[in-house]
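Every number in my numbering is 5 more than the matching position in the sequence shown, counting from 1. Working notes, structure below.
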Amino acid sequence: MLRSLARSPADALDTARQSSRSNAPVAPLWLARLEAWAAQPRPMHNAVLWLSAYLALAANWPLWIELARIGGAPSVYLRSIGVMALLLMAGTVALLSLIAGARWSKALWFAVVLLAAVVQHYMLAYRIVLDPSMLANASQTDAHEVADLLSGRLLLHVLLVAAPAGWWLWHVRIVRASWWTAIWRQLALCLAALAVAAGGAIATSRDLAPLMRNHVHLRYMLNPLAPLYSGATVALRPLFKRSRRLIPMTGGAALGASYAAQGKPPLFVIVVGETARADHFALNGYARDTTPELAQRQVLSYRNVHSCGTNTLASVPCMFSPLGKVAFEARKDEYENLLDVLQASGLAVLWIENQSGCKDVCNRVPHAFAVDGLAPEVKAALCDGDECLDQALLSGLDARLAALPAERRAKGVVLVMHQMGSHGPAYYKRSAPDSKPFVPECRSNALAECGHAALLNGYDNSIRNTDRVLARTIDWLKANSGTYDTAMLYQSDHGESLGEYGLFLHGLPYGIAPEVQKHVPLVAWFSDGMQKRERLSTQCLQGDLDQPYSHDNLYHTALGVMDVRSPSYKAGLDMFAHCRAAG
Ligand SMILES: [Zn+2]
Numbered sequence: 006m007l008r009s010l011a012r013s014p015a016d017a018l019d020t021a022r023q024s025s026r027s028n029a030p031v032a033p034l035w036l037a038r039l040e041a042w043a044a045q046p047r048p049m050h051n052a053v054l055w056l057s058a059y060l061a062l063a064a065n066w067p068l069w070i071e072l073a074r075i076g077g078a079p080s081v082y083l084r085s086i087g088v089m090a091l092l093l094m095a096g097t098v099a100l101l102s103l104i105a106g107a108r109w110s111k112a113l114w115f116a117v118v119l120l121a122a123v124v125q126h127y128m129l130a131y132r133i134v135l136d137p138s139m140l141a142n143a144s145q146t147d148a149h150e151v152a153d154l155l156s157g158r159l160l161l162h163v164l165l166v167a168a169p170a171g172w173w174l175w176h177v178r179i180v181r182a183s184w185w186t187a188i189w190r191q192l193a194l195c196l197a198a199l200a201v202a203a204g205g206a207i208a209t210s211r212d213l214a215p216l217m218r219n220h221v222h223l224r225y226m227l228n229p230l231a232p233l234y235s236g237a238t239v240a241l242r243p244l245f246k247r248s249r250r251l252i253p254m255t256g257g258a259a260l261g262a263s264y265a266a267q268g269k270p271p272l273f274v275i276v277v278g279e280t281a282r283a284d285h286f287a288l289n290g291y292a293r294d295t296t297p298e299l300a301q302r303q304v305l306s307y308r309n310v311h312s313c314g315t316n317t318l319a320s321v322p323c324m325f326s327p328l329g330k331v332a333f334e335a336r337k338d339e340y341e342n343l344l345d346v347l348q349a350s351g352l353a354v355l356w357i358e359n360q361s362g363c364k365d366v367c368n369r370v371p372h373a374f375a376v377d378g379l380a381p382e383v384k385a386a387l388c389d390g391d392e393c394l395d396q397a398l399l400s401g402l403d404a405r406l407a408a409l410p411a412e413r414r415a416k417g418v419v420l421v422m423h424q425m426g427s428h429g430p431a432y433y434k435r436s437a438p439d440s441k442p443f444v445p446e447c448r449s450n451a452l453a454e455c456g457h458a459a460l461l462n463g464y465d466n467s468i469r470n471t472d473r474v475l476a477r478t479i480d481w482l483k484a485n486s487g488t489y490d491t492a493m494l495y496q497s498d499h500g501e502s503l504g505e506y507g508l509f510l511h512g513l514p515y516g517i518a519p520e521v522q523k524h525v526p527l528v529a530w531f532s533d534g535m536q537k538r539e540r541l542s543t544q545c546l547q548g549d550l551d552q553p554y555s556h557d558n559l560y561h562t563a564l565g566v567m568d569v570r571s572p573s574y575k576a577g578l579d580m581f582a583h584c585r586a587a588g
């Protein structure tokens, strides 16, 4: 039990008075008064009101700060803060009253306080909001990524927010009622709170409605209501999903005419990047030399490409889907993807993973983790535990290629490499210690605490590492050009906020996410052999570098590059189709 030895308030005061006379080492009078106040017997609804007020005050600073930022002038934002505080209080009262009758109600209330404290820390440290998509993405991250996000500051913040409430909960005495009276009162309090919330929302809708419509993220800043709502949504979603059907897309998949008389089979590497921003590639005009090696390899860098989502879980399956962003997000069922179609056409397909998983994209095709099968000395050089630099994707690639089924390999090969890229917040871990041209680096996970220059240095070093990995991939393809017609296509899954507008990391809802979270690099490279095979006009390709493209293009572009026929193929979305016709 949290509290079983409650002294009465009078006892506490008496002790304090006596001790002040007897000089015994005991709590000062003010503390005794505070304890006496805390230890007053309270009806349940009184305790719930106090705790709700405390949470509104102590665990919602991101919301109050954001409302002040949006409002601009005190005459505007004080009003919206007042309205939101009322709604937040009413919602929190409804929530806390629901768990008030349980034997462990104080422990449950404290758990809510702890959750609110942790959530507030992340909202303040990274300026994120906990909507269901952010939470789903977070629940799919692995232990390393979680460790990256833990820090001493988190502990300190939790202590600051939760300790006063914990102390109060330890002392407070809830007046017990018979169980049916307790339940009746709980329900009445919950309903009253909901009525206040509804009435308040209606009465203030003239202010509230435009505010919430223009700033959707505000609703995900109501702490602890938003994280609990998002958590429940993510946890319950599978129950209501009633096993989505898998819609086949492989019907009619076949190799095109170019295979009939091919001298060499095609070998195509698709690199799925992570958290890379288009505007931090020197190839796209960034002032720092982040892409020196790609610059020497006649690549095509497309400068106007946008992602499907703002986090990995939203973007990666969407990139490989035949549906495109709009239909993908509205889908009721799952669909077979690009890799299924490539495999069904008879090609050899292999997904090589250097992150936390392929998000179900590679479920039905051969896949492997880059870290598995690394020689011990390579692992020692590239990996920290199971987390490896992206150079691990290239290690042993010849052996991986040779191990693919010979019959399929003779037709053609598609390798997908899923990078660790620029995954934050520990950007400094994404480049080798001896390859950091930009120093000093931010080496803290509390990005807001690092100087802006140090933050950019760490991030830009990670882009330099991606530059090196992509250049090595091209070199490997060149080395295999005697046996294969080769090509590479690199595309990041989403961008990153690096302090602009006070935002960090990524994952904001797409509609309100800043451009830097959505504007992604896309780099293509063709060997001479592949360019001839495809009849691609260099002039045409280079004339397209500023055309608007998106993740919607990957499915059709890859089918086009591999000359795989499918009823799902749309030439209009194939980035290279019109340059092929011109060739
Ligand atoms: Zn990602």
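For every residue, glycine included, the Cβ atom is placed at its ideal position computed from N, Cα and C.
Which residues share a DSSP beta bridge with Q496? Position 491 of the sequence shown, counting from 1, holds the residue named residue 496. Partner(s): V277 and L527.
Put R211 into one of helix, strand or coil per three-state DSSP. Translated into the one-based positions of the sequence shown, residue 211 becomes position 206. Helix at R211.
Nearest to S573 by CA position, among P232, L328 and D365, is which residue? Here the question's residue 573 lines up with position 568 in the sequence shown. Comparing Cα positions, the closest option is L328.
Are T315 and Y560 close, meaning C-beta to C-beta below 8 angstroms? Translated into the one-based positions of the sequence shown, residue 315 becomes position 310. Translated into the one-based positions of the sequence shown, residue 560 becomes position 555. For T315 and Y560, no; Cβs fall outside 8 angstroms.
D395 beta carbon near ligand 1 (any heavy atom closer than 7 angstroms): Here residue 395 refers to the residue found at position 390 when the sequence shown is read from its first residue. Checking every heavy atom of ligand 1 against the Cβ of D395, none is found closer than 7 angstroms.
Buried or exposed by the 16-neighbour rule on C-beta atoms within 10 Å, applied to R26: As a first step, residue 26 must be located in the sequence shown, where it is residue number 21. With a pLDDT of only 49 at R26, under the threshold of 50, the placement of this residue in the model should not be trusted; the figure read from the coordinates follows. Its Cβ having fewer than 16 others within 10 Å, R26 is exposed.
How about L299 and A484: do their beta carbons lie closer than 8 angstroms? Looking up residue 299 in the sequence shown gives position 294. Looking up residue 484 in the sequence shown gives position 479. No, these two residues do not count as a Cβ contact at 8 angstroms.
Contacts around L140, its chain only, beta-carbon distance under 7 angstroms, and the 5 residues preceding and following it disregarded: To locate residue 140, count along the sequence shown from 1; it is residue 135. Cβ within range, chain order: S235, G236 and V239.
Check whether the segment 495 to 504 and the segment 297 to 312 are in contact - that is, three or more C-beta pairs closer than 8 angstroms. yes
For T280, verify whether its CB is less than 7 angstroms away from any heavy atom of ligand 1. Numbered from 1 along the sequence shown, position 275 holds the residue referred to as residue 280. Yes, ligand 1 has a heavy atom inside 7 angstroms of this Cβ.
Hey, which unbroken runs of the alpha helix (DSSP H) at 4 residues or more fall wholly within the segment 270 to 324? 297 to 300
Taking the straight line between their C-alpha atoms, what separation do you get for A287 and C545? On the sequence shown, position 282 is the one that residue 287 refers to. On the sequence shown, position 540 is the one that residue 545 refers to. Approximately 22 angstroms between the Cα atoms of the pair.
Alpha-carbon spacing of R585 relative to M567, whole angstroms: Against the sequence shown, residue 585 aligns to sequence position 580. Against the sequence shown, residue 567 aligns to sequence position 562. Answer to the nearest angstrom: the Cα atoms are 13 angstroms apart.
Using only the heavy atoms of ligand 1, determine whether one of them is closer than 7 angstroms to the beta carbon of N470. The residue you call residue 470 lines up with position 465 of the sequence shown. The answer is no for N470.
Using DSSP's beta-bridge definition, name the partner residues of W356. As a first step, residue 356 must be located in the sequence shown, where it is residue number 351. As DSSP reads the structure, W356 sits in a beta bridge with H372 and V421.
Is any heavy atom of ligand 1 found at a distance shorter than 7 angstroms from the C-beta of N359? In the sequence shown, the residue the question calls residue 359 occupies position 354. Flag unset: Cβ of N359 not near ligand 1.
Roughly how many angstroms separate the alpha carbons of V370 and Y264, rounded to a whole number? By one-based count along the sequence shown, residue 370 stands at place 365. By one-based count along the sequence shown, residue 264 stands at place 259. Going from the Cα of V370 to the Cα of Y264 covers about 22 angstroms.
Beta-carbon proximity check, G290 vs P526, cutoff 8 angstroms: Indexing the sequence shown from 1 puts residue 290 at position 285. Indexing the sequence shown from 1 puts residue 526 at position 521. Contact: no.
For G417 and C388, I'd like the C-alpha separation in whole angstroms. On the sequence shown, residue 417 is found 412 positions in, with the first residue counted as 1. On the sequence shown, residue 388 is found 383 positions in, with the first residue counted as 1. Approximately 31 angstroms, taken between the alpha carbons.
Please return the same chain residues whose Cβ sits closer than 6 angstroms to the Cβ of V118, not counting the five positions on each side in sequence. Counted from its first residue, the sequence shown places residue 118 at position 113. Excluding residues within five positions, the ones whose Cβ falls inside 6 angstroms are A167 and A170.
Using beta-carbon positions only, say whether V366 and V321 come within less than 8 angstroms of one another. Here residue 366 refers to the residue found at position 361 when the sequence shown is read from its first residue. Here residue 321 refers to the residue found at position 316 when the sequence shown is read from its first residue. Yes, these two residues count as a Cβ contact at 8 angstroms.
heavy atom of ligand 1 below 7 angstroms from N65 C-beta: Counting from one through the sequence shown, the residue named residue 65 turns up at place 60. Not under cutoff, so the answer is no.
Taking the alpha-carbon positions, what's the D549 to L305 distance? To locate residue 549, count along the sequence shown from 1; it is residue 544. To locate residue 305, count along the sequence shown from 1; it is residue 300. Distance between the alpha carbons of D549 and L305 is about 9 angstroms.
What number of angstroms, rounded off, separates the C-alpha of L91 from the C-alpha of A214? Here the question's residue 91 lines up with position 86 in the sequence shown. Here the question's residue 214 lines up with position 209 in the sequence shown. Whole-angstrom Cα-Cα distance: 15 angstroms.
Residues bridged to I179 [DSSP beta-bridge criterion]: Translated into the one-based positions of the sequence shown, residue 179 becomes position 174. Paired residue(s): R47.
Say whether the segment 463 to 479 touches the segment 81 to 101, bearing in mind that this needs 3 or more beta-carbon pairs closer than 8 angstroms, one atom from each stretch. The segment 81 to 101 and the segment 463 to 479 do not touch, with fewer than three beta-carbon pairs separated by less than 8 angstroms.
Using a Cβ-Cβ cutoff of less than 6 angstroms, which residues in the same chain neighbour V98 once the five nearest sequence positions on both sides are dropped? Stepping through the sequence shown from its first residue, residue 98 is reached at position 93. Cβ neighbours of V98 beyond the five flanking positions: V53, S57 and A198.
Relative to ligand 1, is the shortest distance from any of its heavy atoms to the C-beta of D596 smaller than 7 angstroms? The structure shown does not extend to residue 596, since the chain spans only 6 to 588, so no value can be given for it.
Report all residues from its chain with a CB closer than 7 angstroms to the CB of G106; omit the five preceding and five following residues, and keep chain order. Locating residue 106 in the sequence shown gives position 101, counting from the first residue. Answer for G106: A187, I188 and Q191, listed in chain order.
If you measure from the beta carbon of A484 to each beta carbon in chain C, is any gap under 8 angstroms? Checking the listed chains, one finds no chain C in this structure; it contains a single protein chain.
Span of the alpha helix (DSSP H), counted from its first residue to its last, around R469: Taking the first residue of the sequence shown as position 1, residue 469 is located at position 464. From DSSP, the alpha helix (DSSP H) with R469 extends over H457 to A484.
Going straight from the alpha carbon of N462 to that of V521, what length do you get? Locating residue 462 in the sequence shown gives position 457, where the first residue counts as 1. Locating residue 521 in the sequence shown gives position 516, where the first residue counts as 1. So the two alpha carbons sit approximately 17 angstroms from each other.
Taking all protein chains shown into account, do 16 or more other C-beta atoms lie within 10 angstroms of the C-beta of H590, making it buried, or fewer, making it exposed? Within the shown structure, residues of the chain are numbered from 6 to 588, placing residue 590 beyond reach of any answer.
A407 lies in the alpha helix (DSSP H); which residues open and close that run? Numbered from 1 along the sequence shown, position 402 holds the residue referred to as residue 407. L402 to A407 is the span of the alpha helix (DSSP H), which, as asked, contains A407.
DSSP-derived helix/strand/coil call for I188: Here the question's residue 188 lines up with position 183 in the sequence shown. I188 falls in the helix class under three-state DSSP.
What is the residue span of the alpha helix (DSSP H) that V98 lies within? Locating residue 98 in the sequence shown gives position 93, where the first residue counts as 1. Run containing V98: P79 to L103, per the alpha helix (DSSP H) assignment.
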